[in-house]
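K.L.:
First to last, the sequence lines map onto chains Y and L. The working numbering numbers the first residue of the first sequence as 1 and each following residue consecutively. The working numbering numbers the first residue of the second sequence as 1 and each following residue consecutively. Shown below is the structure under consideration.
2 protein chains.
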Amino acid sequence: MFELAILGLLQESPMHGYELRKELTAKLGAIRAAISYGSLYPTLRRLQAAGWITEAAETPATAEEIPALTSRRGRVVYKITAEGKERFAELIAQTGPETYEDAGFGVHFAFFSRTDRATRLRILEGRRRKVEERREGLRDVLSRAAVRLDAYTLELQRHGLDACEREVRWLEELIANERSGRTPSGSTPGTVPDTPGTAQGQSEEHIPPPPGQVQELRPERP
Amino acid sequence: MFELAILGLLQESPMHGYELRKELTAKLGAIRAAISYGSLYPTLRRLQAAGWITEAAETPATAEEIPALTSRRGRVVYKITAEGKERFAELIAQTGPETYEDAGFGVHFAFFSRTDRATRLRILEGRRRKVEERREGLRDVLSRAAVRLDAYTLELQRHGLDACEREVRWLEELIANERSGRTPSGSTPGTVPDTPGTAQGQSEEHIPPPPGQVQELRPERP
DNA sequence: ACCCGATGTATCGGGCCGATACATCGCACC
DNA sequence: GGTGCGATGTATCGGCCCGATACATCGGGT
Chain Y
1 MFELAILGLL
11 QESPMHGYEL
21 RKELTAKLGA
31 IRAAISYGSL
41 YPTLRRLQAA
51 GWITEAAETP
61 ATAEEIPALT
71 SRRGRVVYKI
81 TAEGKERFAE
91 LIAQTGPETY
101 EDAGFGVHFA
111 FFSRTDRATR
121 LRILEGRRRK
131 VEERREGLRD
141 VLSRAAVRLD
151 AYTLELQRHG
161 LDACEREVRW
171 LEELIANERS
181 GRTPSGSTPG
191 TVPDTPGTAQ
201 GQSEEHIPPP
211 PGQVQELRPE
221 RP
Chain L
1 MFELAILGLL
11 QESPMHGYEL
21 RKELTAKLGA
31 IRAAISYGSL
41 YPTLRRLQAA
51 GWITEAAETP
61 ATAEEIPALT
71 SRRGRVVYKI
81 TAEGKERFAE
91 LIAQTGPETY
101 EDAGFGVHFA
111 FFSRTDRATR
121 LRILEGRRRK
131 VEERREGLRD
141 VLSRAAVRLD
151 AYTLELQRHG
161 LDACEREVRW
171 LEELIANERS
181 GRTPSGSTPG
191 TVPDTPGTAQ
201 GQSEEHIPPP
211 PGQVQELRPE
221 RP
């Protein structure tokens with residue numbers, strides 16, 4: 001699941017592990033607290049073995065770098081490959097059951113600006129369905145099992161139910177916005193161009209690299 | 001983490017795996033969708049190996065049972081041991097870092113009716129602290145990184161932030177209720193050596209409902 | 001007669017996590 | 001001038017949990 005996220009971040013700019021973790025944490029902060037190194041490094045190795053990313057030695061940057069004063073140990077910089085970009089496009093377009101799970105949905109959503117509109121709608125609606133099911137389950141338990149469960153457990157269910165209802169409303173809004181051709185809170189132009197009109201499912205290759213949008217992520221410290 | 005939940009449920013009544021899963025799903029439905037068998041059975045084996053639970057053959061109940069007509073295959077009924085009860089008491093009272101994590105907190109909360117008030121407060125406050133930290137992190141990202149993140153990612157953060165704020169408010173209420181002694185005491189008869197003087201909740205504010213009586217879980221009799 | 005959905009037990013590979021270990025750097029504090 | 005500390009940085013290990021899968025029985029509907 002981090003496969004997608006890592007590939008997505010590396011497409012913006014090459015990074016080393018520590019940096020990657022920080023960016024990941026910033027981008028997915030709403031989903032999970034922080035990705036653990038015990039996940040990150042093995043995933044990186046996996047991606048590398050598959051050929052989606054490559055390991056680049058610490059950049060000497062300008063040739064006349066301070067050569068040996070501070071030897072700048074370690075620091076493995078990872079870089080996405082052409083195959084990796086294809087893989088990313090594939091992952092971002094395909095929807096499995098885990099796409100609608102909490103974490104999976106969050107990751108997909110975080111890269112919506114690189115997802116075409118038809119897929120965005122599919123994911124949003126799938127997620128809504130999922131949350132609605134969950135909501136119905138909670139309602140059932142609350143109405144049916146009030147005798148069997150203690151007050152604290154019921155309170156927990158109620159809080160969960162509230163969260164579900166709220167998320168459904170949020171999703172409804174997002175779906176309505178997608179249909180009417182707006183991006184959330186109206187900002188950030190220059191992302192994926194919308195194709196208004198009919199939702200034609202033509203598989204038009206992979207969405208090419210994000211247009212302008214890519215900006216320098218903290219250039220290597222001098 | 002399911003160790004606590006399973007021990008807690010088996011303390012109410014012996015059960016077999018399938019039943020256990022359903023009860024778990026009902027009790028923890030607000031936390032996670034459903035516990036997988038790939039977690040349940042290994043956990044059961046672990047608990048058994050540790051001596052916290054024992055495996056009881058399918059009850060012949062009355063001696064003159066229909067002996068072999070329908071052989072009543074399989075059906076392993078698990079039962080908590082004395083050591084298991086001690087273990088449960090230990091687990092429910094102790095608070096580690098994972099106690100304040102989403103899942104860990106949920107499980108602890110679901111068994112609050114078997115937790116003494118001091119521990120309840122400790123957990124509630126610890127959780128609040130955790131969520132507040134998360135909230136601050138999201139605020140930071142939102143205020144500081146609005147330039148670097150696209151509109152969808154920002155929207156995700158906003159939604160996460162909203163959920164955090166809401167949960168903090170929920171926790172505040174619960175804490176206030178605990179302090180003022182309006183414990184929604186759903187304590188099962190004979191389980192908690194509870195602190196006396198906890199009056200039944202006068203309906204005020206939001207901690208509501210009927211103190212649930214634990215009733216016999218259907219000992220299946222088809 | 002036949003199939004289907006619920007009930008029921010169980011394993012396997014894989015992903016992710018927390019704990020842990022190690023090493024360097026800049027900086028404040030004494 | 002030393003000393004310690006927090007941030008930066010890479011990496012592994014054991015363990016929990018999950019989804020997929022396999023297998024078997026039961027009650028009932030068609």
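Just so it is clear, CB atoms sit at the ideal spot from N, CA and C, and this is done for glycine as well.
Given E83 (chain L), which residues of its chain have a CB within under 7 Å of its CB, disregarding the five upstream and five downstream residues?
P.N.:
Sequence index remark: in the second sequence, residue 83 (chain L) carries index 83 (1-based). Correct list, in chain order: G51, W52.
K.L.:
Given that H159 (chain L) touches chain Y, what residues does it touch there, using C-beta distances under 7 Å?
P.N.:
Numbered from 1 along the second sequence, position 159 holds the residue referred to as residue 159 (chain L). Going along chain Y in sequence order, the residues near H159 (chain L) (Cβ under 7 Å) are A30, W170.
K.L.:
What separation, rounded to the nearest whole angstrom, lies between the Cα atoms of Y18 (chain Y) and E12 (chain Y)?
P.N.:
As a first step, residue 18 (chain Y) is located in the first sequence; it is residue number 18 there, counting from the start. As a first step, residue 12 (chain Y) is located in the first sequence; it is residue number 12 there, counting from the start. Approximately 16 Å, taken between the alpha carbons.
K.L.:
What is the DSSP secondary structure of T80 (chain Y), counted as helix, strand or coil?
P.N.:
As a working mapping, residue 80 (chain Y) is identified with position 80 in the first sequence. The amino acid at residue 80 (chain Y) is misidentified as Thr; the sequence shows Ile. Three-state DSSP puts I80 (chain Y) in a strand.
K.L.:
Identify which residue in Y:L156, Y:T25, Y:R158, Y:E178 has its Cα closest to the Cα of T119 (chain Y).
P.N.:
Within the first sequence, numbered from 1, the residue matching residue 119 (chain Y) stands at position 119. Here the closest residue by C-alpha is Y:E178.
K.L.:
Which class does A33 (chain Y) belong to by DSSP, given the choice of helix, strand or coil?
P.N.:
Taking the first sequence and counting its residues from 1, the one referred to as residue 33 (chain Y) is at position 33. Coil.
K.L.:
On the CB-based measure, 16 or more other CB atoms within 10 Å of its CB, does Q157 (chain L) come out buried or exposed?
P.N.:
Indexing the second sequence from 1 puts residue 157 (chain L) at position 157. Looking at its Cβ environment, which holds 16 or more other Cβ atoms inside 10 Å, Q157 (chain L) is buried.
K.L.:
Please report the distance separating the alpha-carbon of E125 (chain Y) from that of L171 (chain Y).
P.N.:
For this step, residue 125 (chain Y) is matched to residue 125 along the first sequence. For this step, residue 171 (chain Y) is matched to residue 171 along the first sequence. Answer to the nearest angstrom: the Cα atoms are 8 Å apart.
K.L.:
Return the CA-CA distance between R32 (chain Y) and A103 (chain Y), expressed in angstroms with no decimal places.
P.N.:
Within the first sequence, numbered from 1, the residue matching residue 32 (chain Y) stands at position 32. Within the first sequence, numbered from 1, the residue matching residue 103 (chain Y) stands at position 103. The alpha-carbon atoms of R32 (chain Y) and A103 (chain Y) are separated by roughly 8 Å.
K.L.:
Please report the straight-line C-alpha distance between A163 (chain Y) and A56 (chain Y), rounded to a whole angstrom.
P.N.:
In the first sequence, the residue the question calls residue 163 (chain Y) occupies position 163. In the first sequence, the residue the question calls residue 56 (chain Y) occupies position 56. Their backbone Cα atoms lie some 44 Å apart in a straight line.
K.L.:
Using a C-beta cutoff of 7 Å, does Y152 (chain Y) count as contacting chain L?
P.N.:
Position 152 of the first sequence, counting from 1, holds the residue named residue 152 (chain Y). Taking Cβ atoms only, chain L reaches closer than 7 Å to Y152 (chain Y), which makes this a yes.
K.L.:
What whole-angstrom Cβ distance do S113 (chain L) and Y152 (chain Y) have, given they're in contact under 8 Å?
P.N.:
As a first step, residue 113 (chain L) must be located in the second sequence, where it is residue number 113. As a first step, residue 152 (chain Y) must be located in the first sequence, where it is residue number 152. Sure, about 5 Å apart at Cβ, within 8 Å.
K.L.:
Roughly how many angstroms lie between the CA atoms of S185 (chain L) and E86 (chain L), to the nearest whole one?
P.N.:
Along the second sequence, one-based indexing puts residue 185 (chain L) at 185. Along the second sequence, one-based indexing puts residue 86 (chain L) at 86. Reliability of the predicted coordinates at S185 (chain L) is poor, the pLDDT of 48 falling under 50, and the value obtained from them is presented with this limitation in mind. Distance between the alpha carbons of S185 (chain L) and E86 (chain L): 22 Å.
K.L.:
Taking CB distances under 7 Å as the criterion, tell me whether G181 (chain L) reaches chain Y.
P.N.:
For this step, residue 181 (chain L) is matched to residue 181 along the second sequence. No - not a single Cβ of chain Y is within 7 Å of the one on G181 (chain L).
K.L.:
Starting from L156 (chain Y), find everything on chain L with Cβ-Cβ shorter than 8 Å and list it in chain order.
P.N.:
Here residue 156 (chain Y) refers to the residue found at position 156 when the first sequence is read from its first residue. Under the 8 Å cutoff, chain L gives A30, I31, G106, F109, A110.
K.L.:
Can you tell me which of Y:I175, Y:G137, Y:H108 puts its alpha carbon nearest to the alpha carbon of R128 (chain Y)?
P.N.:
By one-based count along the first sequence, residue 128 (chain Y) stands at place 128. Closest by alpha carbon: Y:I175.
K.L.:
Between L121 (chain L) and the rest of its own chain, which residues show a CB-CB distance below 8 Å, the 5 nearest in sequence each way excluded?
P.N.:
By one-based count along the second sequence, residue 121 (chain L) stands at place 121. Result list for L121 (chain L): I175, E178, R179, in chain order.
K.L.:
Within the 7 Å Cβ cut-off, does L121 (chain L) reach chain Y?
P.N.:
Stepping through the second sequence from its first residue, residue 121 (chain L) is reached at position 121. Cβ-Cβ to chain Y under 7 Å: no for L121 (chain L).
K.L.:
Please name the residue in Y:A26, Y:A5, Y:G29 whose C-alpha comes closest to that of L40 (chain Y).
P.N.:
In the first sequence, residue 40 (chain Y) corresponds to position 40, counting from 1. Out of Y:A26, Y:A5, Y:G29, Y:A5 has the C-alpha closest to the C-alpha of L40 (chain Y).
K.L.:
Can you tell me whether T95 (chain L) is helix, strand or coil according to DSSP?
P.N.:
The residue labelled residue 95 (chain L) in the question sits at position 95 within the second sequence. Coil.
K.L.:
Look at the alpha carbon of L161 (chain L) and the alpha carbon of R144 (chain L), and state the distance between them as a whole number of angstroms.
P.N.:
As a working mapping, residue 161 (chain L) is identified with position 161 in the second sequence. As a working mapping, residue 144 (chain L) is identified with position 144 in the second sequence. Going from the Cα of L161 (chain L) to the Cα of R144 (chain L) covers about 14 Å.
K.L.:
What do you reckon, are the CB atoms on I92 (chain Y) and F111 (chain Y) nearer than 7 Å?
P.N.:
Working through the first sequence from its first residue, we reach residue 92 (chain Y) at position 92. Working through the first sequence from its first residue, we reach residue 111 (chain Y) at position 111. Closer than 7 Å, so yes.
K.L.:
Take L227 (chain Y) as the anchor and find which of Y:M1, Y:H159, Y:E132 has the nearest alpha-carbon.
P.N.:
Within the shown structure, residues of chain Y are numbered from 1 to 222, placing residue 227 (chain Y) beyond reach of any answer.
K.L.:
Inspect the beta-carbon positions of T54 (chain L) and T25 (chain L) and report whether they are closer than 7 Å.
P.N.:
For the purposes of this step, residue 54 (chain L) is taken as residue 54 along the second sequence, with counting starting at 1. For the purposes of this step, residue 25 (chain L) is taken as residue 25 along the second sequence, with counting starting at 1. Taking 7 Å as the Cβ cut-off, T54 (chain L) and T25 (chain L) do not qualify as a contacting pair.
K.L.:
Beta-carbon of A89 (chain L) versus every beta-carbon of chain Y: anything under 7 Å?
P.N.:
Reading the second sequence from its first residue, position 89 is the one you call residue 89 (chain L). Taking Cβ atoms only, chain Y never reaches closer than 7 Å to A89 (chain L), which makes this a no.
K.L.:
Have a look at L:V107, L:E173, L:L138 and flag the residue whose alpha-carbon is nearest the alpha-carbon of F88 (chain L).
P.N.:
Within the second sequence, residue 88 (chain L) is the residue found at index 88, counting from 1. Measuring from the Cα of F88 (chain L), the nearest candidate turns out to be L:V107.
K.L.:
For E101 (chain Y), which three-state DSSP category applies?
P.N.:
Walking along the first sequence from the start, residue 101 (chain Y) turns up at place 101. Coil.
K.L.:
For chain Y, check one thing: does any of its Cβ atoms lie closer than 7 Å to the Cβ of G8 (chain L)?
P.N.:
Within the second sequence, residue 8 (chain L) is the residue found at index 8, counting from 1. No, because no Cβ of chain Y sits closer than 7 Å to the Cβ of G8 (chain L).
K.L.:
How many angstroms separate the CA atom of V141 (chain L) from the CA atom of E167 (chain Y)?
P.N.:
Locating residue 141 (chain L) in the second sequence gives position 141, counting from the first residue. Locating residue 167 (chain Y) in the first sequence gives position 167, counting from the first residue. Going by the C-alpha atoms only, they are around 21 Å apart.
K.L.:
Drop a sphere of 10 angstroms on the beta-carbon of G38 (chain L), count the other beta-carbons inside from all chains shown, and report buried for 16 or more, exposed for fewer.
P.N.:
Position 38 of the second sequence holds residue 38 (chain L). By the neighbour-count rule (16 or more Cβ atoms within 10 Å), G38 (chain L) is not buried but exposed.
K.L.:
Using a beta-carbon distance below 7 Å, is K27 (chain Y) in contact with chain L?
P.N.:
Taking the first sequence and counting its residues from 1, one reaches residue 27 (chain Y) at position 27. Yes - at least one Cβ of chain L is within 7 Å of the one on K27 (chain Y).
K.L.:
Let me see if you follow: with CB-CB separation under 7 Å, is S113 (chain L) close to chain Y or not?
P.N.:
As a working note, residue 113 (chain L) is residue 113 in the second sequence. Taking Cβ atoms only, chain Y reaches closer than 7 Å to S113 (chain L), which makes this a yes.
K.L.:
Does chain L have any CB closer than 7 Å to the CB of P42 (chain Y)?
P.N.:
The residue given as residue 42 (chain Y) occupies position 42 in the first sequence. Answer no: the Cβ-Cβ gap between P42 (chain Y) and chain L never drops below 7 Å.
K.L.:
Which residue or residues does DSSP assign as beta-bridge partners of A56 (chain L)?
P.N.:
By 1-based counting over the second sequence, the position of residue 56 (chain L) is 56. Bridge partners of A56 (chain L): L:V77.
K.L.:
What does DSSP give as the partner residue(s) for H16 (chain L) in the beta ladder?
P.N.:
The sequence position of residue 16 (chain L) within the second sequence is 16, counting from 1. BP columns for H16 (chain L) point to L:V77.
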